[in-house]
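Q: 5 is the number of the first residue of the sequence shown in the numbering used here; add one for each residue after it.
Glycine included, each C-beta is placed from N, C-alpha and C at the ideal position.
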Amino acid sequence: MAGINNSDFVKRFKVGLAILGGFNADKKANEAAIKSLKRGRREFIFENPIEDIEKEIVSALDSYGRIAVNVRASSIDGYINVAKICSEYDVILEINAHCRQPEFLEIGAGQSLLFNQEKLLNIVESCSKYCEVSVKIRGGLNIDYSSLSKRLFSSAFILHVDAMIPGGGADYSLIKEISALGNVIGNNSVKDINTARKMVESGAKLVSLARAVIKNERIFDELLEDDILSSPIEVI
Ligand SMILES: Cc1cc2nc3c(=O)[nH]c(=O)nc-3n(C[C@H](O)[C@H](O)[C@H](O)COP(=O)(O)O)c2cc1C
Numbered sequence: 005m006a007g008i009n010n011s012d013f014v015k016r017f018k019v020g021l022a023i024l025g026g027f028n029a030d031k032k033a034n035e036a037a038i039k040s041l042k043r044g045r046r047e048f049i050f051e052n053p054i055e056d057i058e059k060e061i062v063s064a065l066d067s068y069g070r071i072a073v074n075v076r077a078s079s080i081d082g083y084i085n086v087a088k089i090c091s092e093y094d095v096i097l098e099i100n101a102h103c104r105q106p107e108f109l110e111i112g113a114g115q116s117l118l119f120n121q122e123k124l125l126n127i128v129e130s131c132s133k134y135c136e137v138s139v140k141i142r143g144g145l146n147i148d149y150s151s152l153s154k155r156l157f158s159s160a161f162i163l164h165v166d167a168m169i170p171g172g173g174a175d176y177s178l179i180k181e182i183s184a185l186g187n188v189i190g191n192n193s194v195k196d197i198n199t200a201r202k203m204v205e206s207g208a209k210l211v212s213l214a215r216a217v218i219k220n221e222r223i224f225d226e227l228l229e230d231d232i233l234s235s236p237i238e239v240i
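1) Just how far apart, CA to CA, sit Asn126 and Phe48?
2) Per DSSP, what kind of secondary structure is Val128 in: helix, strand or coil?
3) In the DSSP output, what is Asn191 paired with across the bridge?
4) Identify the continuous alpha helix (DSSP H) that holds Lys140 and give its terminal residues.
5) Report yes if the C-beta of Ser79 is less than 8 Å from at least one heavy atom of ligand 1; otherwise report no.
6) What is the residue span of the alpha helix (DSSP H) that Glu181 lies within?
7) Examine the Cβ distances between the region 37 to 48 and the region 111 to 122 and report whether three or more of them are shorter than 8 Å.
8) Can you grab the Cα-Cα spacing for the pair Ile223 / Ala200, in whole Å?
9) With ligand 1 as the reference, list in chain order each residue whose Cβ lies under 6 Å from any of its heavy atoms.
10) Using three-state DSSP, classify Arg76 as helix, strand or coil.
11) Assuming the contact rule is C-beta atoms closer than 8 Å, Ile71 and Ala64 should be a hit. Round their C-beta distance to whole Å, please.
12) If you draw a straight line from the C-alpha of Ser91 to the C-alpha of Ile23, how long is it?
13) State the Cα-Cα distance for the pair Ala29 and Ile54, rounded to the nearest angstrom.
14) Three-state secondary structure (DSSP) at Ala33?
15) Could you give the distance in angstroms between the alpha-carbon of Glu51 and the alpha-carbon of Ala33?
16) If you drop the 5 nearest sequence neighbours on each side, which residues of the same chain put their C-beta closer than 6 Å to that of Pro170?
17) Using a 10 Å radius around the Cβ and a threshold of 16 neighbouring Cβ atoms, would you call Ser158 buried or exposed?
18) Going along the chain, which residues of its own chain have a beta-carbon closer than 7 Å to the beta-carbon of Ser40, five neighbours each way excluded?
19) Helix, strand or coil for Ile23, going by three-state DSSP, please let me know.
20) Just to confirm, is the Cβ distance from Phe17 to Val188 under 9 Å?
21) Taking the continuous alpha helix (DSSP H) assigned at Asn10, which residues delimit it?
22) Please check the pair Leu163 and Ile141, which I expect to be a contact at CB under 8 Å, by giving their CB distance rounded to whole angstroms.
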């Protein structure tokens, strides 16, 4: 969660994988974040994006075995610069192909990458030479998720799927479809053991949540009381 998920925030929770960010990796992405901030959105604004992202990674690693960093950039170099840092600390780089704020769409970042798939595939392939790559994608759009996922899995380690249904709720059939092709983090509307289990039963290796932790800071403790949700997983 941009403006919320920094190292100080994630350290408060017991999770298997903490995803930092979204962070903005280059000048144009930072400018987009400033514009978005001015109209009331929450954002992280870094004076020196790459150095400051590294500081966040180092600080989060104090508490976690596994972290990922969700990144938006206007250019492939922005992603590659963060991938180089991720490789130093064995951190997963998560390419944000999900954000739909107009400021980020204008610079060719976020969800616009789902409609410029050659660019997205090039970013993922290039970054995967340095570190493990996750791609955060959004459901509910008029695209062929199966064909895109197959292509992404040729170099991505994991897909983080916001299975959003426009109007509300999660599309578990999308999680099932993509999980049949590779490792998936299932996301959207997880708020209790029942909704988290539905993600796992649909094939997701991991389950993520955003809004629920804002409402209930004990959510991860509650989920970990469940045998299935707290059992170790193998991600290959
Ligand atoms: C305040 C806020 C900020 C968010 N920022 C980001 C972000 O920077 N990058 C990203 O990939 N998703 C971001 N998201 C989307 C969430 O990670 C998640 O995909 C979405 O809210 C659906 O999951 P949920 O039902 O658990 O909230 C944000 C969501 C919220 C509520």
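A: The relevant details are as follows:
1) Asn126 and Phe48: Cα-Cα distance of roughly 26 Å.
2) Of the three classes helix, strand and coil, the one that applies to Val128 here is helix, per DSSP.
3) Per DSSP, Asp166, Ser212.
4) Taken as a continuous stretch (DSSP letters only), Lys140 belongs to no alpha helix (DSSP H), being part of the beta strand (DSSP E) at 137 to 142.
5) For Ser79, the distance from the CB to the nearest heavy atom of ligand 1 is not below 8 Å.
6) Taken as a continuous stretch (DSSP letters only), the alpha helix (DSSP H) holding Glu181 covers 176 to 183.
7) The region 37 to 48, when compared against the region 111 to 122, does not touch it at the 8 Å Cβ threshold.
8) If you take the alpha carbons of Ile223 and Ala200, they lie about 11 Å apart.
9) Ordered along the chain, the selected set is Met5, Ala6, Ile8, Gly25, Gly26, Arg46, Asn74, Asn100, His102, Cys103, Lys140, Asp166, Asn191, Asn192, Ser193, Val194, Leu213, Ala214, Arg215, Ala216.
10) In the displayed model, Arg76 falls within a strand according to three-state DSSP.
11) Distance from Ile71 to Ala64 at the Cβ level is roughly 5 Å; contact confirmed, criterion being Cβ atoms closer than 8 Å.
12) Taking the straight line from one Cα to the other gives about 16 Å.
13) Each residue's alpha carbon lies about 6 Å from the other.
14) It is helical.
15) Here the C-alpha atom of Glu51 lies approximately 12 Å from the C-alpha atom of Ala33.
16) Gly144.
17) Result: exposed.
18) Only residues of its own chain outside the window of five on either side were considered, and among them Glu47, Gln105, Glu107 have a CB closer than 7 Å to the CB of Ser40, listed in chain order.
19) Looking at Ile23 - three-state DSSP - the assignment turns out to be strand.
20) Result no, Cβ atoms of Phe17 and Val188 do not sit closer than 9 Å.
21) From DSSP, Asn10 is part of no alpha helix (DSSP H); its letter is neither H nor E.
22) Right, the Cβ-Cβ distance comes to about 6 Å (below 8 Å), so this counts as a contact.
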